[in-house]
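For the sequence shown, my numbering assigns the number 5 to the initial residue and increments by one for each residue that follows. For reference, the structure is listed below as structure tokens.
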Amino acid sequence: MSSSATVKTALITGASAGIGKSFATLYAKNGFDLVIVARRKDALQTLADALKKEHGVMVHVIPLDLANPSAPEELTNTLDAKGIDIHTLINNAGYALSHSTLNTELVDVKAFMQVLMSTPVELCHRLAPSMIAAGEGHIINISSIAAFMPPIKGDIYCAAKSFLLNFSLGLAAELKPAGVHCTALCPGFTFSEFHDVMGTRKAVSKLPRFMWMDADEVALQGYQAVSQGKDIHIPGRVNQGASQLVSMLPPQIRQFFAGRQSILEY
Ligand SMILES: NC(=O)c1ccc[n+]([C@@H]2O[C@H](COP(=O)([O-])OP(=O)(O)OC[C@H]3O[C@@H](n4cnc5c(N)ncnc54)[C@H](OP(=O)(O)O)[C@@H]3O)[C@@H](O)[C@H]2O)c1
């Protein structure tokens, strides 16, 4: 049960920075109680204190490393113990590897796959049944326009985002008759800590401003998309145009581009 019968609760992974932090702020502003998850406890606590003070909502801070295969179960056990029902699940936590898959330690490749694919799937699996039973609920899975792009030599990020996009679309079709909305949100370049973590800040800072969006705007468009029951949303006209154009390329031409352009280290 949520804190009051009328207050809905949103669970946001990766809320300590970037797009997740913007989602947390937006949902708090809209009167949702929050469950915020990431590894950095201090950053989550600072955000929670600010949102509680500003919007009078309840914010539960759950520090977790979502690369740990037991993390989704641990998270949902904590929710059950606290009696929290989740109305909105936002699978947002993510990052990109800086080296090619073969030049990344296997333990780090497995952690990446856990955070970007297994954890979101398990959280959907664990939390969707109560949404179905309630006849309402929202899920936003943060994919990327990378899901539409041609393969990059040695890259796993585009593959992971492609997986999440297609998983999300299938899930949306399964959930729709039950009144639950599931949206795959596919942002392009967004101001956040993403490229600092990946180590590509210098390279991407050369890209023109029109290719970038603010995290707050991306979150707002995600919120609107899931509220309108959209299965997929690509924020921004530039990102929409680029994704549509690239999606039309035949497989041989897409593969031609593999290895020709990359910001990965090998
Ligand atoms: N920025 C872009 O250009 C862009 C474009 C398209 C899609 N996206 C996607 O948008 C999502 C959000 O990224 P962002 O741009 O906001 O990046 P960000 O500013 O680096 O934020 C990433 C968030 O994920 C959390 N996270 C990373 N690894 C985690 C782990 N093992 N366990 C728990 N939490 C973890 C981080 O928290 P801690 O470090 O505290 O754990 C942080 O809160 C990602 O899925 C990303 O792939 C980003």
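Backbone N, C-alpha and C fix where the C-beta goes; we use that ideal spot for every residue, glycine too. This structure is a prediction, so every number in the text was calculated from the model and none was measured.
{"Asked": "Span separating the alpha-carbon of glutamine 256 from that of phenylalanine 152", "Found": "15 Å"}
{"Asked": "Buried or exposed by the 16-neighbour rule on C-beta atoms within 10 Å, applied to asparagine 81", "Found": "exposed"}
{"Asked": "Cα-Cα separation, glycine 203 to proline 181", "Found": "43 Å"}
{"Asked": "Collapsed DSSP secondary structure at valine 61 in the structure displayed", "Found": "coil"}
{"Asked": "Phenylalanine 261: CB within 7 Å of a non-hydrogen atom of ligand 1", "Found": "no"}
{"Asked": "Sequence-distant residues of its chain with Cβ nearer than 6 Å to alanine 71 (five each side left out)", "Found": "Ala115, Gln118, Val119"}
{"Asked": "Neighbourhood of leucine 271 by C-beta distance below 8 Å, restricted to the same chain and skipping five residues each side", "Found": "Because the chain is modelled from 5 through 270, residue 271 falls outside the range shown and cannot be assessed."}
{"Asked": "Isoleucine 136, DSSP secondary structure in three states", "Found": "helix"}
{"Asked": "Residue span of the beta strand (DSSP E) that contains threonine 13, given as start and end", "Found": "13-17"}
{"Asked": "Identity of the residues DSSP links to phenylalanine 195 by a beta bridge", "Found": "Asp218"}
{"Asked": "Whole-number beta carbon distance between histidine 59 and lysine 33, since they are thought to touch under 8 Å", "Found": "6 Å"}
{"Asked": "Alanine 47 versus leucine 55: straight-line alpha-carbon distance, rounded", "Found": "12 Å"}
{"Asked": "Buried or exposed (CB count within 10 angstroms, at least 16 for buried), glycine 98", "Found": "buried"}
{"Asked": "Endpoints, the alpha helix (DSSP H) within which isoleucine 257 is located", "Found": "255-261"}
{"Asked": "heavy atom of ligand 1 below 7 Å from phenylalanine 27 C-beta", "Found": "no"}
{"Asked": "Other residues of its chain near methionine 5: CB distance less than 8 Å, five sequence neighbours each side excluded", "Found": "Per-residue confidence for methionine 5 stands at a pLDDT of 43, beneath the threshold of 50, marking its modelled position as unreliable; the derived number appears in the next sentence. For methionine 5, where only same-chain residues beyond five positions count, the Cβ hits under 8 Å are Gly87, Ile88, Asp89."}
{"Asked": "Cβ-heavy atom distance, valine 250 to ligand 1, below 7 Å", "Found": "no"}
{"Asked": "DSSP-derived helix/strand/coil call for proline 73", "Found": "coil"}
{"Asked": "beta-carbon valine 119 near ligand 1 non-hydrogen atom, thresh 7 Å", "Found": "yes"}
{"Asked": "Ligand 1 heavy atom lying under 7 Å from the CB of glycine 139", "Found": "no"}
{"Asked": "Cross-strand partners of alanine 42 (DSSP beta bridge)", "Found": "Pro67"}
{"Asked": "Nearest candidate by alpha-carbon position, reference asparagine 145, set Val222, Ser209, Asp84, Lys206", "Found": "Val222"}
{"Asked": "Cβ-Cβ distance between proline 124 and arginine 258 below 8 Å", "Found": "no"}
{"Asked": "Paired residues, beta bridge with leucine 173 - DSSP", "Found": "Paired residue(s): none; leucine 173 is not in a bridge."}
{"Asked": "Local conformation of leucine 101 per DSSP, three classes", "Found": "coil"}
{"Asked": "Residue range of the unbroken alpha helix (DSSP H) whose run includes threonine 29", "Found": "22-33"}
{"Asked": "Under the three-state DSSP convention, the category threonine 187 falls into", "Found": "strand"}
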